[in-house]
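First to last, the protein sequences are chains A and B. In case it helps, this note's numbering puts the first sequence at residues 1 to 106. In case it helps, this note's numbering puts the second sequence at residues 1001 to 1106. Positions of the beta carbon are idealized from the N, C-alpha and C atoms, including for glycine.
Protein chains: 2
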Amino acid sequence: MRRDVFQAIADPTRRSIIALIALQSMTPNAIAENFDASRQSISKHLRILTECELVRQEQQGREIFYSLKIEKMKEIDAWLEQYRKIWEIRFNQLENVLSTIKKQTK
Amino acid sequence: MRRDVFQAIADPTRRSIIALIALQSMTPNAIAENFDASRQSISKHLRILTECELVRQEQQGREIFYSLKIEKMKEIDAWLEQYRKIWEIRFNQLENVLSTIKKQTK
DNA sequence: AATTTGCGCAACCGAAAAGTTGCATATATA
DNA sequence: TATATATGCAACTTTTCGGTTGCGCAAATT
Chain A
1 MRRDVFQAIA DPTRRSIIAL IALQSMTPNA IAENFDASRQ SISKHLRILT
51 ECELVRQEQQ GREIFYSLKI EKMKEIDAWL EQYRKIWEIR FNQLENVLST
101 IKKQTK
Chain B
1001 MRRDVFQAIA DPTRRSIIAL IALQSMTPNA IAENFDASRQ SISKHLRILT
1051 ECELVRQEQQ GREIFYSLKI EKMKEIDAWL EQYRKIWEIR FNQLENVLST
1101 IKKQTK
């Protein structure tokens, strides 16, 4: 089972779950109430999110609270970083081109 | 076919293709040479990347050059932004807690 | 003009993923 | 203690995905 963060966030339901539990931890039932999907289906998504460590479980009596491991999101951020650099360079190049044109028209 | 950026970057081969063409545009054959995968397989990935507008094609004779549409990557960045905010808040809260502890031990 | 080259497209196949159903288990509650 | 509730897990089905094969077409090359 190739489970990585990128695969985890590929599913729109999982992205919604992430958004839902980003601020406060929730039980599977509470989460499922926000979707058309069945409890089991949500449970499976939660398992996938847990397996790739995007989510943490906390047992409390017979309830299990799920919350987002926000640190793991930084992995995506780190991957994006290289491209952020590129688009900044591109932007600067464009700036230069524009200022050159401006000078020429003067 | 539900094709979005998140689904596109879920596949490791596609992420490699993105990295490869980020700086200069390349033909499918040239791209395929960098992988074990067949030309057709790479071509299919390129189609998916094109469909979700992460990649642009430029015909030049019988060759087609593919290049990254870096702007589209910003969509992922925009999605991450909300979580970036959260982890900054968390970090500041931690700072506060630490400084409170520091004061108490004084 | 015939052949080679670069490429896309459609059909097919096997593996993995998503969803459903039916349990089992542990903790509350009556 | 019997029952209801919260949840996970395993088995099964359906869908999706990645890859291969085979074809067609247009641009280069001979």
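Rounding to the nearest angstrom, what Cα-Cα distance links residue i and residue j in this structure?
i	j	result
A:Ile-42	A:Ala-10	15 angstroms
B:Ala-1008	B:Ile-1086	26 angstroms
A:Gln-93	A:Ile-101	12 angstroms
B:Phe-1006	A:Glu-95	30 angstroms
B:Ser-1016	B:Leu-1068	12 angstroms
B:Gly-1061	A:Gln-40	53 angstroms
B:Val-1097	B:Lys-1103	10 angstroms
A:Leu-23	A:Ile-76	19 angstroms
A:Glu-73	A:Thr-105	At residue 73 of chain A the sequence reads Met, which differs from the Glu that was named. Going from the Cα of A:Met-73 to the Cα of A:Thr-105 covers about 47 angstroms.
A:Tyr-83	B:Ile-1048	20 angstroms
B:Ile-1089	A:Val-55	18 angstroms
A:Ala-78	B:Arg-1003	24 angstroms
B:Arg-1014	B:Glu-1081	23 angstroms
DSSP beta-bridge partners for residue i?
i	result
B:Arg-1056	B:Ser-1067
A:Met-73	A:Met-73 is not bridged to any residue.
Using a Cβ-Cβ cut-off of 7 angstroms (strictly less than) and excluding sequence neighbours within five positions of residue i, which residues of its own chain qualify?
i	result
B:Leu-1020	Met-1026, Ile-1031 and Asn-1034
A:Thr-50	Gln-57
B:Asn-1029	Arg-1039
B:Glu-1063	Thr-1027
Once you ignore the five residues that flank residue i on each side, which residues in its own chain have a CB closer than 8 angstroms to its CB?
i	result
A:Ser-38	Ala-32
Once you ignore the five residues that flank residue i on each side, which residues in its own chain have a CB closer than 6 angstroms to its CB?
i	result
A:Glu-58	Phe-65
May I ask you to list, following chain order, the residues of the segment 1053-1071 of chain B that have a beta carbon less than 7 angstroms from some beta carbon of chain A?
Along the segment 1053-1071 of chain B, going in chain order, the ones with a CB nearer than 7 angstroms to a CB of chain A are Ile-1070.
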